[in-house]
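Novice: Just passing along the structure, written as structure tokens.
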Amino acid sequence: MSAAADPRNGGGPQPDPQGPGDEQRGKRMGHPLLRAVGFGIGTLALSAPAWATGFELREQSAVGQGASFAGAAARDDDPSMIFFNPAAMASLPGLQGAVVGSGIFPVIEATSGSATRNALVGGSPIAGSLGGDIGLDAFVPALYSTAQVAPDWHLGISVTSPFGLVTKSADDSISRYHGLTSSLKTINVAPTVSWQALPNLSFGAALNIEYATARLSNAVDFGAIGAAQRIPGFLPGARDGRATVTGNDTAVGFQLGAQWEPRAGTRLGLSFRSAVWHTLQGEAQFQGVPVPLSFSPAFANAIGQAKLVTPETVTLGLRQRIDDRWTLLGGLQWTNWSRFRELTVTFENGRAPSVTEERWRDTVFLSIGGEYRWSEALTLRGGVAWDQTPVRDAFRTPRIPDNDRTWLSVGASYQISRSITLSGGYTHIFAADASVNLDDPGPGGSNLFRGNLASTYQGSVDIVTAQLRFAF
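The sequence shown begins at 1 in UniProt numbering and counts up one residue at a time.
Shown next, in the form of structure tokens:
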């Protein structure tokens, strides 16, 4: 279906930009600048789902949360540990289950900033606020169930959300042309099996069935676009519109794990989670397009798609019992974020593909923690972690102004009865200040008509997690 006849453009055919009486207008609408900005907006809209660590969610267990997930791959004492290592299930007798809920409360605010338009349209300042707190609170649930079906075999299933984030800037933000709302949500269903191969060695595997959905928007400076085309009555900043893209997909990955106890009290865990390759099918829509520009195919609603890879991870864990009360925990995770080198967006209405360079880097998450068994019923825990960002300074955007972070966590578990245990965890994340420096290079650049942006962000996150464990 052509863009001109697409029913998403108002339910019927649109005027032909080259039709009778519109020859000169059609020439203006076909100007290379218009074609470039149309492609750039499409790239912006579909690139942000892959903005992600900013978007990895570790908050899948209150037991793990209380120690900053130190040693999570080596733990075999709770159903929620199968998220980090499917081999953990081999040590859980009978039927067990866990219900987990995490409240994530981020604060991400620009403390300073300025923005100007490209010299092509006069280089004027972009007026507006700094954007306010762009981090939105979120609730992340998780469900786990395990069953011992034979002396050495277990089956289980988990429902989690391993990736996701929502940020939202004020409509009048100086960064509005680079991003307004960015939302990515995932649901992962993982059937799991484990085998106790030897008394001190177990293996596990899981199939990850992952659904991803994204919604992104940014403002469009139609006033500046029209001014560049010398359309009478158009002034930069006077006719803002909006571009919005939605997309979703379901794809499959896997997870493998092993746990080994070389001697009593020492347990090592190793887990590999594969990448999941999504092809997000999306729809790009434009709102508030002024009539003179509405004839341009650059602003016609369109169907598009983009590749999104949730990266593979390798996790190593250590659980070392010191004595009857103290246990030391340590963990190291490597994430292959360097897969995200660029994003290619293709369209079904004849537009040329758009390519955006990202150049993310691989990251590590290093954690250390401990547990203290206060009594038969009560266990206390704590931990610290260093979380490296995949975002390089030159490619940071206001959609996710991410930087290296430090975790500080505390938690506890209380056994209410033989079959019910209540756990809680709290984490405060300290983030280093993050600078955003984006240039509008003019025609041919991916930031055309979005303007030059320089801003500094401060951020922190509070996480509260609660969990009920059932054992039968």
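For each residue, glycine too, the CB sits at the ideal point set by N, CA and C. These numbers come from a predicted model, not from an experiment.
#1: Quick check on DSSP: helix, strand or coil for residue 80?
#2: Whole-angstrom Cβ separation of residue 89 and residue 204, contact assumed at under 8 Å?
#3: Whole angstroms are fine: how far does the CA of residue 397 sit from the CA of residue 404?
#4: Check whether chain C comes within 9 Å of residue 214, counting only Cβ atoms and requiring the distance to be less than that.
#5: For residue 129, is the beta carbon positioned less than 8 Å from some heavy atom of the ligand GDP?
#6: Can you tell me where the beta strand (DSSP E) with residue 99 in it begins and where it stops?
#7: Is it true that the CB of residue 347 sits closer than 9 Å to the CB of residue 412?
#8: Thinking residue 61 and residue 333 are a contact (beta carbons under 8 Å), I'd like their distance in whole angstroms, please.
#9: Should residue 311 go down as buried or exposed, given a rule of 16 or more other Cβ atoms within 10 Å for buried?
#10: Taking residue 170 as the reference, give the member of 184, 133, 155 and 462 with the closest Cα.
#11: Determine, using beta carbons only, whether residue 115 and residue 451 come nearer to each other than 9 Å.
#12: In the DSSP output, which residue or residues are listed as bridge partners for residue 231?
#13: So for residue 468, helix, strand or coil by DSSP?
#14: Report the rounded CA-to-CA distance for residue 329 versus residue 85, giving the unit in angstroms.
#15: Is the beta carbon of residue 383 less than 9 Å from the beta carbon of residue 83?
#16: Can you list, in chain order, the stretches of the beta strand (DSSP E) that have 3 or more residues and sit fully within the region 325 to 399?
#17: Any idea what DSSP makes of residue 299, helix, strand or coil?
#18: For residue 289, which residues of its own chain have a beta-carbon under 6 Å away from its beta-carbon, when the five flanking residues on both sides are left out?
#19: Considering only their Cβ atoms, is the gap separating residue 297 from residue 226 smaller than 9 Å?
#20: Going along the chain, which residues of its own chain have a beta-carbon closer than 6 Å to the beta-carbon of residue 81, five neighbours each way excluded?
#21: Alpha carbons only, please: which of 197, 190, 213 and 177 is nearest the one belonging to residue 184?
#22: Name the one or two DSSP bridge partners that residue 320 has.
#23: Where are the beta strand (DSSP E) runs, 3 residues long or more, that stay fully inside the region 170 to 224, in chain order?
#24: Given a cut-off of 9 Å on the beta-carbon distance, is the pair residue 154 and residue 193 in contact?
#25: So what's residue 155 in DSSP terms, helix, strand or just coil?
#26: Where does residue 112 land, buried or exposed, given buried means 16+ other C-beta within 10 angstroms?
#27: Look up residue 289 in the DSSP assignment and say whether it is helix, strand or coil.
#28: Could you please give me the residues that DSSP links to residue 249 through a beta bridge?
#29: Let me check understanding here. Comparing Cα to Cα, which of 374, 186, 287 and 386 lies closest to residue 475?
#30: Three-state secondary structure (DSSP) at residue 60?
#31: If you reduce the DSSP assignment to three classes, tell me which class residue 453 lands in.
Specialist: Working from what's here:
#1: By one-based count along the sequence shown, residue 80 stands at place 80. In this structure, residue 80 counts as helix in the three-state DSSP scheme.
#2: The sequence position of residue 89 within the sequence shown is 89, counting from 1. The sequence position of residue 204 within the sequence shown is 204, counting from 1. Their Cβ separation, rounded to whole angstroms, is 6 Å, which keeps residue 89 and residue 204 in contact under 8 Å.
#3: Locating residue 404 in the sequence shown gives position 404, counting from the first residue. Locating residue 397 in the sequence shown gives position 397, counting from the first residue. Going from the Cα of residue 404 to the Cα of residue 397 covers about 15 Å.
#4: In the displayed structure, chain C is absent; only one protein chain is listed.
#5: In terms of ligand content, the structure shown is empty, and the ligand GDP therefore cannot be addressed.
#6: Taking the first residue of the sequence shown as 1, we reach residue 99 at position 99. Taken as a continuous stretch (DSSP letters only), the beta strand (DSSP E) holding residue 99 covers 95 to 116.
#7: Indexing the sequence shown from 1 puts residue 412 at position 412. Indexing the sequence shown from 1 puts residue 347 at position 347. For residue 412 and residue 347, no; Cβs fall outside 9 Å.
#8: Residue mapping note: residue 61 aligns to position 61 of the sequence shown, counting from 1. Residue mapping note: residue 333 aligns to position 333 of the sequence shown, counting from 1. Their Cβ separation, rounded to whole angstroms, is 14 Å, which puts residue 61 and residue 333 out of contact at 8 Å.
#9: In the sequence shown, residue 311 corresponds to position 311, counting from 1. Buried is the call here.
#10: Here residue 170 refers to the residue found at position 170 when the sequence shown is read from its first residue. The shortest C-alpha separation from residue 170 is found at 133.
#11: Position 115 of the sequence shown, counted from the start, is the residue given in the question as residue 115. Position 451 of the sequence shown, counted from the start, is the residue given in the question as residue 451. Against a cut-off of 9 Å, the Cβ pair of residue 451 and residue 115 comes out as a contact.
#12: The sequence position of residue 231 within the sequence shown is 231, counting from 1. Answer is none; residue 231 lacks a bridge partner.
#13: Here residue 468 refers to the residue found at position 468 of the sequence shown. If DSSP states are grouped into helix, strand and coil, residue 468 belongs with the strands.
#14: Taking the sequence shown and counting its residues from 1, the one referred to as residue 329 is at position 329. Taking the sequence shown and counting its residues from 1, the one referred to as residue 85 is at position 85. Spanning the two alpha carbons is a distance of roughly 15 Å.
#15: By one-based count along the sequence shown, residue 383 stands at place 383. By one-based count along the sequence shown, residue 83 stands at place 83. Contact flag unset, no.
#16: 326 to 335, 342 to 347, 354 to 357, 363 to 373 and 378 to 387
#17: Indexing the sequence shown from 1 puts residue 299 at position 299. If DSSP states are grouped into helix, strand and coil, residue 299 belongs with the helices.
#18: Residue 289 sits at position 289 when you count from the first residue of the sequence shown. If we look at residue 289 and ignore the five residues flanking it on each side, its Cβ neighbours are 241 and 299.
#19: As a position in the sequence shown, residue 226 is number 226, starting the count at 1. As a position in the sequence shown, residue 297 is number 297, starting the count at 1. In this structure, residue 297 does not lie closer than 9 Å to residue 226 by Cβ.
#20: On the sequence shown, residue 81 is found 81 positions in, with the first residue counted as 1. Here the set comprises 75 and 88.
#21: Here residue 184 refers to the residue found at position 184 of the sequence shown. Among 197, 190, 213 and 177, the Cα nearest to that of residue 184 is on 213.
#22: The residue you call residue 320 lines up with position 320 of the sequence shown. In the DSSP output, where bridge partners are listed per residue, residue 320 has 266 and 328.
#23: 181 to 198 and 201 to 221
#24: Within the sequence shown, residue 154 is the residue found at index 154, counting from 1. Within the sequence shown, residue 193 is the residue found at index 193, counting from 1. Cβ distance < 9 Å, so residue 154 and residue 193 count as in contact.
#25: In the sequence shown, residue 155 corresponds to position 155, counting from 1. Of the three classes helix, strand and coil, the one that applies to residue 155 here is strand, per DSSP.
#26: As a position in the sequence shown, residue 112 is number 112, starting the count at 1. Result: exposed.
#27: Numbered from 1 along the sequence shown, position 289 holds the residue referred to as residue 289. Three-state DSSP puts residue 289 in coil, outside helix and strand.
#28: Mapped onto the sequence shown, residue 249 falls at position 249. Per DSSP, 212.
#29: No answer is possible for residue 475: the residues shown for the chain start at 1 and end at 472.
#30: Indexing the sequence shown from 1 puts residue 60 at position 60. Correct three-state label for residue 60: coil.
#31: By one-based count along the sequence shown, residue 453 stands at place 453. Of the three classes helix, strand and coil, the one that applies to residue 453 here is strand, per DSSP.
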